[in-house]
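Notes follow the structure.
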């Protein structure tokens, strides 16, 4: 029995508030000083909070497995990231800020260079983003609709773009089972899409037409004279957050992709161009309207990905200064954690368990002397799968009945 | 593969003794002093024992899930409490001290008040227990047998009672799949039982006759003039403890429900009206006759449920004073733990992991400075699912062979 099935009959509602702060990529590793980013940061508020909280480390997927942002967020939202995989096409369009429906097929695309029938550059020499916009606009104007699908072309960075095919009717789960046209190799002839299921045939035909029409429209381009398409996918069917956990949820996130993850589980996801301070202001404004708040802090991860240890430390310190504003709200349950670790040393996401603190009236506390990887290990939550975080939040909020009598 | 399947081929017998002490609800949370019940208690014997034992915390069901007494005990007995759920009717009759067989269907019942065909009080004004006894006796006398079933009516407290239907032949697993006649709402017409399977039809017919006959027998009662029936259930089919683990087991418990749990797995369960000291005396008397002893200490939980922090502390201290008597027996493996936590602060069972110590010659020890939630976290067993406790006991008793070569 999976976790959501186990807890569904136990859920009870009340007036408690749960606040989940995701400090994206917060976990780290020591630099030459021997200290991690969290250990190097001057974070008196987080440290004091950790001393009175239940602390631990959560494992997003499994020991040794580095999560992408999608699986990382699904886990902290209480969804099994292995059972609920998000297709590459869907991730791409969410990242570009497009709204995706259950009747859409999403595709990740590259401009490429073809010569004599052979792909000689899969990235079309990384054409400038500005040129990408012009070309993608040209494709859009000439292909607003093919067969029964409305098409949306969305430019990305350099050679990347995405296509969304909007169908009029609900789609079968195997509708997007189509082979990639990109072999991820150069010096080969491009391949045509092949449907892997009966239901995928209509989509495959549209894809074929898009490729042919694009080739015609791009034939005079020096570099971007062909398109490669892959990661055909539809929205994963996730039980809405409200239905799974009985919580009316608001996502406070500035980046489209993170709002997209929250939208996958039907949280409210207003479009916000806000910094952390403004996000906390927004949390205060909306505090009476929801049960659950997901507040996303992106920049900590970005500096980690850049290998900028000091920059990551500074963004953690910036959050620490703002933390008292959140504490003033006195949420019944406050969780501060990350969706994964991003050690500056590695310049990438990593598999390392993620520090977490949970503050509520029903914790032991007193086991950790601060908020860091090495202190959280001493905490009462131990090292545990991320999927347990939401049940713990619900329990601490008095929102779960007893199992059995 | 589940745990029992994994260990079954590894089990070997020897002359070791395993003693499992369940201090019901022993885990707690800090009060205003910052200390938990275990931390507040003067327990020199438990603390000394913990220093030389393998300690940890066990999770009865899952993070955030609060176990009832049934699932809590199944876990410490080595049975998966999610796979083996105990029906409400069975729990009720076990609590009332009735002996249940695999050929029985158990039902939880309420006296209720009906007026003009509408349930106006689901609890019949909580009639006195004495009156309940008189009424239940009347029902028993007039309904000793219906169709092929012998009926046993057992009064409980106030408006509660139970019915056991004893059939002459083994029952199919879906025999008790019958809808509750109690909608758990007032101001509604009562509903008739509906069988949800072919095998449930014969039971459903008996239930209908019981309801009709009761209405006739109770028609002149002012309050208790109707009965509501729910939680129709048969005994879960659990592999007997002896068969699963190769242990000849004795349960030493005073409360009927806990003996009932032990009887579910076919431990010997003599009826005992004994306090803790007398239970330990009984353990000594029977020490040569069994391999495994489950000794249940109820009152610690009761004070926790009452929110009586000092009372819970006192009962823990009382056990501590008696502990040397158990140690004198020098059991090969001694486990002291609870079936769940019951923090006085919460006045209820809770989801918090339960402190456990395991004493044997094959432990590291030296990691914890006493027996408490915060000390056990430092121990060599970590935070682990309760289901692992019995395999650990068997291993420490030399009763498990190597897996593979």
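Chains as they are written, first to last, in this note's numbering: chain P, 45 to 449; chain G, 45 to 449.
Where a beta carbon is used, it is the ideal one built from N, C-alpha and C, also for glycine.
Next on the checklist: Is the separation between the beta-carbon of residue 272 of chain G and that of residue 89 of chain G shorter than 9 Å?
Outcome noted: One-based indexing of the second chain puts residue 272 of chain G at position 228. One-based indexing of the second chain puts residue 89 of chain G at position 45. Cβ distance not < 9 Å, so residue 272 of chain G and residue 89 of chain G don't count as in contact.
Checklist entry - Whose C-alpha, out of G:358, G:225, G:193 and G:262, is nearest the C-alpha of residue 246 of chain G? => result The count along the second chain starts at 1 and reaches residue 246 of chain G at position 202. If we check each option's Cα against that of residue 246 of chain G, G:193 comes out closest.
Checklist entry - To which residues of the same chain is residue 201 of chain P closer than 7 Å at the C-beta, ignoring the five residues directly before and after it? => result Counting from 1 along the first chain, the entry for residue 201 of chain P is found at position 157. 173.
Checklist entry - My guess is that residue 226 of chain P and residue 166 of chain P are in contact by the Cβ rule of under 8 Å, so how many angstroms apart are they, rounded? => result Your numbering for residue 226 of chain P matches position 182 in the first chain. Your numbering for residue 166 of chain P matches position 122 in the first chain. Between residue 166 of chain P and residue 226 of chain P the Cβ distance is about 7 Å, and since that is below 8 Å, they are a contact.
Checklist entry - Considering only residues of the same chain and omitting the five flanking positions on each side of residue 368 of chain G, which have a CB-CB separation below 7 Å? => result Numbered from its first residue, the second chain carries residue 368 of chain G at position 324. Contacts found: 89.
Item to check | Closest Cα partner of residue 396 of chain G within the set G:56, G:105 and G:176 | outcome: In the second chain, the residue the question calls residue 396 of chain G occupies position 352. Here the closest residue by C-alpha is G:105.
Next on the checklist: Which complete alpha helix (DSSP H) runs does the stretch 347-419 of chain P hold, if anything under 4 residues is left out?
Outcome noted: 353-371
Next on the checklist: With a threshold of 9 Å between beta carbons, is residue 406 of chain P in contact with chain G?
Outcome noted: Working through the first chain from its first residue, we reach residue 406 of chain P at position 362. At least one chain G Cβ lies under 9 Å of residue 406 of chain P.
Checklist entry - Is residue 424 of chain P close to chain G, meaning its C-beta is less than 9 Å from at least one C-beta of that chain? => result Taking the first chain and counting its residues from 1, the one referred to as residue 424 of chain P is at position 380. Yes, contact with chain G.
Checklist entry - Leaving out five residues before and five after residue 374 of chain P in sequence, what residues of the same chain have Cβ atoms less than 6 Å from its Cβ? => result Working through the first chain from its first residue, we reach residue 374 of chain P at position 330. Correct list: empty, nothing qualifies.
Checklist entry - Taking Cβ to Cβ, would you say residue 278 of chain G is nearer than 9 Å to residue 134 of chain G? => result Stepping through the second chain from its first residue, residue 278 of chain G is reached at position 234. Stepping through the second chain from its first residue, residue 134 of chain G is reached at position 90. Cβ atoms of residue 278 of chain G and residue 134 of chain G: closer than 9 Å.
Checklist entry - Helix, strand or coil: which one does DSSP assign to residue 14 of chain P? => result No information on residue 14 of chain P is available, as it lies outside the stretch 45 to 449 that chain P covers here.
Next on the checklist: With H, G and I counted as helix, E and B as strand and the rest as coil, what does DSSP make of residue 154 of chain P?
Outcome noted: Residue 154 of chain P sits at position 110 when you count from the first residue of the first chain. Looking at residue 154 of chain P - three-state DSSP - the assignment turns out to be strand.
Checklist entry - Is residue 257 of chain P near residue 171 of chain P, with beta carbons less than 9 Å apart? => result On the first chain, residue 257 of chain P is found 213 positions in, with the first residue counted as 1. On the first chain, residue 171 of chain P is found 127 positions in, with the first residue counted as 1. Taking 9 Å as the Cβ cut-off, residue 257 of chain P and residue 171 of chain P do not qualify as a contacting pair.
Checklist entry - Of all the residues that make up the stretch 198-216 of chain P, which are near chain G by a beta-carbon distance shorter than 9 Å? => result none
Item to check | Inter-residue spacing [alpha-carbon to alpha-carbon] between residue 372 of chain G and residue 337 of chain G | outcome: In the second chain, the residue the question calls residue 372 of chain G occupies position 328. In the second chain, the residue the question calls residue 337 of chain G occupies position 293. One C-alpha to the other measures close to 15 Å.
Checklist entry - From the beta carbon of residue 301 of chain P, is the nearest beta carbon of chain G less than 9 Å away? => result In the first chain, residue 301 of chain P corresponds to position 257, counting from 1. No, residue 301 of chain P does not count as interfacial toward chain G.
Checklist entry - How is the beta strand (DSSP E) around residue 165 of chain G delimited, first residue to last? => result Within the second chain, numbered from 1, the residue matching residue 165 of chain G stands at position 121. Unbroken beta strand (DSSP E) run through residue 165 of chain G: 162-165.
Checklist entry - Tell me, which residues are paired with residue 239 of chain G by DSSP? => result On the second chain, position 195 is the one that residue 239 of chain G refers to. Answer is G:222.
Item to check | Enclosing beta strand (DSSP E) for residue 275 of chain G [first to last residue] | outcome: Along the second chain, read from residue 1 onward, the residue named residue 275 of chain G stands at position 231. Residue 275 of chain G -> beta strand (DSSP E) spans 270-277.
Item to check | Beta bridge counterpart(s) of residue 340 of chain P as assigned by DSSP | outcome: Along the first chain, read from residue 1 onward, the residue named residue 340 of chain P stands at position 296. P:66, per the DSSP bridge assignment.
Next on the checklist: Measuring only the C-alpha atoms, how far is residue 393 of chain G from residue 436 of chain P?
Outcome noted: Along the second chain, read from residue 1 onward, the residue named residue 393 of chain G stands at position 349. Along the first chain, read from residue 1 onward, the residue named residue 436 of chain P stands at position 392. Taking the straight line joining both Cα atoms gives about 15 Å.
Item to check | Assigned exposure category for residue 206 of chain G - 16 Cβ within 10 Å defines buried | outcome: Your numbering for residue 206 of chain G matches position 162 in the second chain. Looking at its Cβ environment, which holds 16 or more other Cβ atoms inside 10 Å, residue 206 of chain G is buried.
Next on the checklist: Please state the DSSP three-state secondary structure of residue 345 of chain G.
Outcome noted: For the purposes of this step, residue 345 of chain G is taken as residue 301 along the second chain, with counting starting at 1. Helix, per DSSP.
Checklist entry - Does the stretch 118-127 of chain G come close enough to the stretch 247-256 of chain G that 3 or more CB-CB pairs lie under 8 Å? => result no
Item to check | Bounding residues of the alpha helix (DSSP H) (the contiguous stretch that carries residue 134 of chain G) | outcome: As a position in the second chain, residue 134 of chain G is number 90, starting the count at 1. First-last of the alpha helix (DSSP H) with residue 134 of chain G: 132-139.
Checklist entry - Within this structure, are the beta carbons of residue 378 of chain G and residue 404 of chain G separated by less than 9 Å? => result The residue given as residue 378 of chain G occupies position 334 in the second chain. The residue given as residue 404 of chain G occupies position 360 in the second chain. Closer than 9 Å, so yes.
Next on the checklist: Give me the subset of the stretch 277-306 of chain G whose CB atoms are less than 7 Å from a CB atom of chain P, sorted by chain position.
Outcome noted: Contact residues of the stretch 277-306 of chain G toward chain P are absent (C-beta to C-beta distance below 7 Å).
Checklist entry - Counting contacts by CB-CB distance shorter than 9 Å, is residue 102 of chain G in contact with chain P? => result Working through the second chain from its first residue, we reach residue 102 of chain G at position 58. So, not an interface residue.
Next on the checklist: Taking CB distances under 9 Å as the criterion, tell me whether residue 445 of chain P reaches chain G.
Outcome noted: For this step, residue 445 of chain P is matched to residue 401 along the first chain. So, interface residue.
Item to check | Identity of the residue in P:214, P:412 and P:139 nearest residue 145 of chain P by Cα | outcome: Reading the first chain from its first residue, position 101 is the one you call residue 145 of chain P. That would be P:214, whose Cα lies nearest to the Cα of residue 145 of chain P.
Next on the checklist: Using the three-state DSSP reduction, which class does residue 205 of chain G fall into: helix, strand or coil?
Outcome noted: Your numbering for residue 205 of chain G matches position 161 in the second chain. DSSP places residue 205 of chain G in strand when its eight states are reduced to three.
Checklist entry - If you check the beta carbons only, do residue 208 of chain P and residue 316 of chain P fall under 9 Å apart? => result In the first chain, the residue the question calls residue 208 of chain P occupies position 164. In the first chain, the residue the question calls residue 316 of chain P occupies position 272. Against a cut-off of 9 Å, the Cβ pair of residue 316 of chain P and residue 208 of chain P comes out as no contact.
Next on the checklist: Just to confirm before moving on: does the CB-CB distance between residue 270 of chain P and residue 157 of chain P stay below 9 Å?
Outcome noted: The count along the first chain starts at 1 and reaches residue 270 of chain P at position 226. The count along the first chain starts at 1 and reaches residue 157 of chain P at position 113. Taking 9 Å as the Cβ cut-off, residue 270 of chain P and residue 157 of chain P qualify as a contacting pair.
Checklist entry - My guess is that residue 423 of chain G and residue 98 of chain G are in contact by the Cβ rule of under 8 Å, so how many angstroms apart are they, rounded? => result As a first step, residue 423 of chain G is located in the second chain; it is residue number 379 there, counting from the start. As a first step, residue 98 of chain G is located in the second chain; it is residue number 54 there, counting from the start. Going by Cβ atoms, the distance from residue 423 of chain G to residue 98 of chain G rounds to 6 Å, so yes, they are a contact pair.
Next on the checklist: Between residue 311 of chain G and chain C, is any beta-carbon pair separated by less than 9 Å?
Outcome noted: Among the chains of the structure shown, chain C does not appear; the protein chains present are P and G.
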